[in-house]
Amino acid sequence: MKEKLEQIKAEAIAQIQAAEVPEKLNDVRVKFLGKKGELTAVLKGMKDVAPEDRPRVGQMVNDARAAIEALLEESRAKMENAIREQKMKEEVIDVTLPSKKNIMGHRHPNTIALEEVERIFIGMGYEVVEGPEVEYDEYNFEKLNIPADHPAKDEQDTFYINKDIVLRTQTSPVQARVMEQGKLPIRMIAPGRVFRSDEVDATHSPSFHQIEGLVIDRQISFADLKGTLEVFAKELFGTETRTKFRPHHFPFTEPSAEMDVSCFKCGGKGCRFCKGSGWIEILGCGMVHPHVLEMCGIDPEEYNGFAFGVGLERIALLKYEIDDMRLLYENDIRFLEQF
Amino acid sequence: MNTSLSWIKAYVPDLDVSAQEYTDAMTLSGTKVEGYEKLDKDLDKIVIGQIKKIEKHPDADKLIVCQVDVGTETVQIVTGAPNVKEGDKIPVVLDGGRVAGGHEPGQKVAGGIKIKKGKLRGVESNGMMCSIEELGTTREMYPEAPEYGIYIFPEDAAVGESAVKALGLDDAIFEYEITSNRVDCFSVIGIAREAAATFRKEFRPPVVTPTGNDEDVNGYIKVTVENPELCPRYCARVVKNIKIGPSPKWMQRRLASVGIRPINNLVDITNYVMEEYGQPMHAYDLDTIAGHHIIVRNAKNGDKFTTLDGQERDLDEDVIMICDGEKEVGIGGIMGGENSMITDDVKTMLFEAACFDGVNIRKSSKRIGLRTDASAKFEKGLDPNNAQAAIDRACQLVEEMGAGEVVGGMVDVYGKKKEPVRVPFDARKINLMLGTELSEGEMLGYFKMLGLEYDAEAKEVIAPTFRQDLACLADLAEEVARFYGYDNIPTTLPSGESTMGKLSYKLRIEEAARDIAEFCGFSQGMTYSFESPKVFDRLMIPEDSPLRRTVDIMNPLGEDYSIMRTTSLDGMLTSLATNYNRRNKDVRLYELGNIYLPKQIPLTELPEERMQFTLGMYGEGDFFTMKGVVEEFFEKVGMKKKEVYNPDSGKPYLHPGRQANIVYEGQVVGYLGEVHPEVADTYGIGERAYIAVIDMPEIVKNATFDRKYTGIAKYPAVTRDISMVVPKSVLVGQIEEVIEKKGGSYLESYKLFDLYEGAQIKAGFKSVAYSIVFRAKDKTLEEADVSAAMKKILKALEELGIELRQ
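Line order of the protein sequences matches chains A and B.
The first sequence: position 247 = 247 (the numbering used here), numbered continuously.
In the numbering used here, each number is its position in the second sequence, counted from 1, plus 339.
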């Protein structure tokens, strides 16, 4: 009996080892372990074995079966592995072939610059608001302390619809509109389109964008204005950026200033970009004039604040090194695709 | 406004700074220097030499050989100049030095010309003698220089010293950007006052001494001002026994340095005082003034007048005229008349220093089309108290220069005298405003430097009338900040109540629009808000269309920019055409911009501004590509209901068979379609182009960023496919409407999977196939559930004339 089992086992092992493909292994399994297999036949012959020998023989049969199964499994795994390896060898691709891309559109450089600015100020607790582009003379000028005969109101700068309605020349009227709503404190920026009667050339456009900023609260100081705009400049142009505040004049702020930033091209050493000065003029700002506060219904004894105005195109042109403003309004796809 | 450094130093004698230091410091204290030009920037190694000996050049008739003492040595110089003789003192540029240009005026060379020793026709020459032009300047600055030849110094010039210094060319000319509030700084004295304060040096303005003989000016001239609101002050003085001649060199040089051509002593004095004091003056020949009576009044409409430049000018009733007993003699504040101008044989002269209303001058000068140095100053709005100072200064110069005999006294028509403004001062508040901790004494120190007095008792700063920009505490705070230094003010961040940073809801939706458009391959364009009224014809918009009711600009840059757009199409089509012209392929653009719809015409209130999301494309893709973008966008902003496309949208600029209104919840929220071929032709787009315009206010109304989870289906779906033969006139939209309406509560989705028109289908019909999916949330559907729904659907479809294909 034992010899018979040994012989079956040896034969099965020999056949497993001779198998070249997984199908052959299956044949071996059927031949030896299947219902009509040789090993199964031995089990069927157990009735001829003396009852006292049966457990021992049974054990031997099971051992033989386990040994064959283990070997079958091992061989199958080896074979499949080899096949997979072979398959992958045949599947090598040229990874340097072109990629398959979804064709995406591109955002206008003005918008990219605007979103940068918005991100910075939203982070400092500013709300982004809007105002009308066609605006009352009263908001564009008078409430900003620009009286009827001020040179800034000259026709040569302002597009008039009629004597009371203009195309806003600045985003500053949004200041007046927000202040009038009377919800204090205020921290807002107001981006938008503005219009001036300038002929189109490389640095001028009759339609462009500004971003107005306004903070009104108890106890705001010029130092706060400087600090805020310094944070802004460093965020927008890099942490190395230095700022310089120069006195200036705007009718709706007092004291007023213009802010220069150190040239981000040469770091302030002086280059063609900054016309040798090392500085680039970025924005106008100042403490909101007490008359403006009064005209908008805010008590200047209790509240004060600061305001600033940035030219969006100016930032976009500088930041992305665009040398002609006309490109911004032509919408040539070869230009837009670079952003 | 320009000044030379030397002119500033005349009033701030202790000022010792380089041009760059001056520029930087003045700009930081508020007098912005735009730029400067150093007169000696291209001059190097130029000394005063004296010609000791002149000999003929052995080989050249037109050259001479000079032995020149240059202080340290005697050098040999060969020259062709005709005007030098032995003993002359001349500017000499030594070997290795530089001059600014060639001999002829206007021959300046950037960086200058280097002079090296060499041989001229075989004779050694160790430098060059210089003409005034070679020194980079002009005979206007140096009227004593010969027209042709070498500049010759006066006999007392020191040999060996710097010729640049001796000529005063170690100077710089500054160009300032003066802000409109600082009228006083449109004068050399005003800027000098700022310079003195900036550098903490003493300010020494000219000392004007009393002038005039024993006579009384009232015996010579009478002045009547009929329009005192436009001419608040008129000062007149008389000079007799005029001696016309050149003005002194220093005055000519100062005038020339700021770009004013010297003419003669009288003209130069008026110009000089205008620059020095910022007060324009005018000189009349008194003998031409009829009745010796000056009358200031307004002109009459239709009047004509010939100004001293010989031009006839058209006047109107808002123009201020200076007249005599009979006629007009000058346009007040703008230009004098030809009939009263000073000529070389003037005997007696009337000086006018008046103050005119700035706004009137600005507007008149624009209407007449004549802007002069005088009007440019007047239009800023001058200080009437400065007029007297200026006229007295002019008379002082007349006496000093011996230009005539000044008659005693001044005719002064001055209504309400302008008084200084008193501004309450509070150091604590200024510190709070600035974020500084300055002492009251420091602040008062700055005021004092600027010529502002302080009334300690009343705690008021007294702003002189030339500082009309000072009216409230904030103005004083700025003066403190300027001289403490903006850069020295600390930097802090606002404290106080915290606020929420955010985008408005509308802006969030616009952001979503940008995201989707770009995701779908559209790039963002920007176009102008104003356009030509011709766009309506280009877009084939009918005459009676409300789109033609526009907001018009009164003073546009031209017809092409004269109306505010009522449709965003022109900008988009123009941009597509630009790209098409430039042979760009497969172009997809979008724009977010307003249209402007008047509520009434003429406008009495602001027009409605409606944000339009406009998409345009040509090249790859079609109507349905565009439709897909619209639907992606709606989904992104939470507009989950089914939008309806109505082909009866009636847009004349779109292909009549390929256009639709986009209807959401019964409301038109936009439209899309193929651009009408004729319109595409007009714009020059040579391919099929598609556009979609979405009216954003409607989107803002319907959009939501709320999302709710509805669970994932647990039970299996049942799918039924139907294949139909459909009359061509029936839109698949109608079929879908039926499926939605009749599908019942188990209807989950449906999908068109086949559409065929052609040979196998009978004429006038198309084959359409839909896959319809049913599912219940709470059970596995029974056959009966689905069949009931399908029956209803099929019945309704039959009513549309649709046959079911077996």
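For glycine and all other residues, C-beta sits at the position ideal for the given N, C-alpha and C.
Being a predicted model, the structure only gives us computed values, none of them experimental.
Check for me: the beta strand (DSSP E) holding N145 of chain A runs from which residue to which?
Per DSSP, N145 of chain A belongs to no beta strand (DSSP E) and is neither H nor E.
Given A595 of chain B, which residues of its chain have a CB within under 8 Å of its CB, disregarding the five upstream and five downstream residues?
Correct list, in chain order: T477, E479, M480 and P601.
Classify Y160 of chain A as helix, strand or coil using the three-state DSSP reduction.
Of the three classes helix, strand and coil, the one that applies to Y160 of chain A here is strand, per DSSP.
Answer yes if the segment 854-863 of chain B comes into contact with the segment 122-133 of chain A, meaning at least three C-beta pairs across the two stretches below 8 Å, and no otherwise.
The segment 122-133 of chain A vs the segment 854-863 of chain B: no contact.
Measuring CB to CB, does E1110 of chain B end up less than 8 Å from T1049 of chain B?
Here residue 1110 of chain B is Ser; the residue named in the question, Glu, does not match the sequence. No, the Cβ-Cβ distance between S1110 of chain B and T1049 of chain B is not below 8 Å.
For a contact meaning CB atoms closer than 9 Å, what does D814 of chain B contact in chain A?
Neighbours of D814 of chain B on chain A, chain order: E254 and P255.
Under the three-state reduction of DSSP, which class applies to G551 of chain B: helix, strand or coil?
Looking at G551 of chain B - three-state DSSP - the assignment turns out to be coil, as it is neither helix nor strand.
Under the rule that 16 or more other beta-carbon atoms within 10 Å means buried, what is K980 of chain B, buried or exposed?
K980 of chain B comes out exposed.
Restricting to Cα atoms, I'd like to know which of B:K1081, B:L1143 and B:I1078 is closest to V1065 of chain B.
For V1065 of chain B, the nearest C-alpha among the options comes from B:L1143.
Give the residues of chain A in contact with Y825 of chain B, contact being defined as C-beta atoms less than 9 Å apart.
Chain A residues near Y825 of chain B: F222, K226, K244, F245, R246, P247, P255 and A257.
Hey, quick one: how far does the alpha helix (DSSP H) through Y1022 of chain B stretch, first residue to last?
That run of the alpha helix (DSSP H) goes P1016 to Y1022.
On a Cα-Cα basis, can you pick out the residue from A:E294, A:P300 and A:P251 that is closest to D808 of chain B?
Checked all of A:E294, A:P300 and A:P251; the closest Cα to D808 of chain B is A:P251.
When the distance is taken between beta carbons, is P1055 of chain B closer than 8 Å to T1119 of chain B?
Yes, they are a contact pair.
For D363 of chain B and T413 of chain B, what's the separation of their Cα atoms in angstroms?
Their backbone Cα atoms lie some 42 Å apart in a straight line.
According to DSSP, N933 of chain B sits in a beta bridge with which residue or residues?
Bridge partners of N933 of chain B: B:M950.
Quick one: using the 10 Å Cβ neighbour count with 16 as the cut-off for buried, is W589 of chain B buried or exposed?
Under this definition W589 of chain B is an exposed residue.
Per DSSP, what kind of secondary structure is L815 of chain B in: helix, strand or coil?
The answer is helix: DSSP assigns L815 of chain B an H, G or I state.
Under 6 Å Cβ to Cβ from N580 of chain B, same chain only, skipping five residues before and after it: list those, please.
For N580 of chain B, where only same-chain residues beyond five positions count, the Cβ hits under 6 Å are G743 and E744.
If you measure from the beta carbon of I315 of chain A to each beta carbon in chain B, is any gap under 8 Å?
No, because no Cβ of chain B sits closer than 8 Å to the Cβ of I315 of chain A.
Less than 8 Å separating the beta-carbons of V1014 of chain B and Y992 of chain B?
Yes, these two residues count as a Cβ contact at 8 Å.
P132 of chain A versus chain B: which residues are under 7 Å apart at the beta carbon?
Within 7 Å Cβ-Cβ: L945 and E948.
Of the residues A:P55, A:F121 and A:K89, which one's Cα is nearest the Cα of A233 of chain A?
The candidate whose alpha carbon is nearest that of A233 of chain A is A:F121.
Kindly list, in the order they appear in chain B, the residues whose Cβ is closer than 8 Å to that of Y320 of chain A.
The contacting residues do not exist; Y320 of chain A stays about 14 Å from chain B at best.
Any idea which residues DSSP pairs N894 of chain B with across the strands?
Answer is none; N894 of chain B lacks a bridge partner.
With 7 Å as the C-beta to C-beta threshold (strictly closer), list the residues of the segment 861-880 of chain B near chain A in chain order.
Cβ contacts with chain A come from F861, S862, Q863, G864, M865, T866, Y867 and S868.
Verify the CB distance criterion: does P173 of chain A have a CB-CB separation below 8 Å to chain B?
No, P173 of chain A does not count as interfacial toward chain B.
Compare the C-alpha of D653 of chain B against each of B:V1125, B:N640, B:G410 and B:P587 and name the closest.
Checked all of B:V1125, B:N640, B:G410 and B:P587; the closest Cα to D653 of chain B is B:N640.
So with Cβ pairs under 8 Å, would you call M179 of chain A a contact of chain B?
No, no contact with chain B.
Taking 8 Å as the cut-off, decide whether the C-beta atoms of R949 of chain B and P872 of chain B are in contact.
Not closer than 8 Å, so no.
For K768 of chain B, which residues in the same chain have their Cβ closer than 7 Å to its Cβ, ignoring the five residues on either side in sequence?
Correct list, in chain order: L812.
In the DSSP assignment, the alpha helix (DSSP H) including R246 of chain A goes from what residue to what residue?
No alpha helix (DSSP H) contains R246 of chain A, which is instead part of the beta strand (DSSP E) from T243 to F250.
What residue does the alpha helix (DSSP H) around Q17 of chain A start on, and which one ends it?
Segment K2 to A18, the alpha helix (DSSP H) holding Q17 of chain A.
Quick one: which unbroken beta strand (DSSP E) runs of 3-plus residues sit fully inside the segment 358-444 of chain B? Chain order, please.
371-377, 383-395, 403-408, 413-418 and 428-440, all fully within the segment 358-444 of chain B.
Report yes if the CB atom of K561 of chain B is closer than 8 Å to the CB atom of H621 of chain B, and no otherwise.
No, Cβ-Cβ distance for K561 of chain B and H621 of chain B is not below 8 Å.
If we define contact as Cβ-Cβ less than 8 Å, is F141 of chain A a contact residue for chain B?
It does not: the Cβ of F141 of chain A has no partner Cβ on chain B nearer than 8 Å.
Helix or strand or just coil, what does DSSP make of Q210 of chain A?
DSSP places Q210 of chain A in strand when its eight states are reduced to three.
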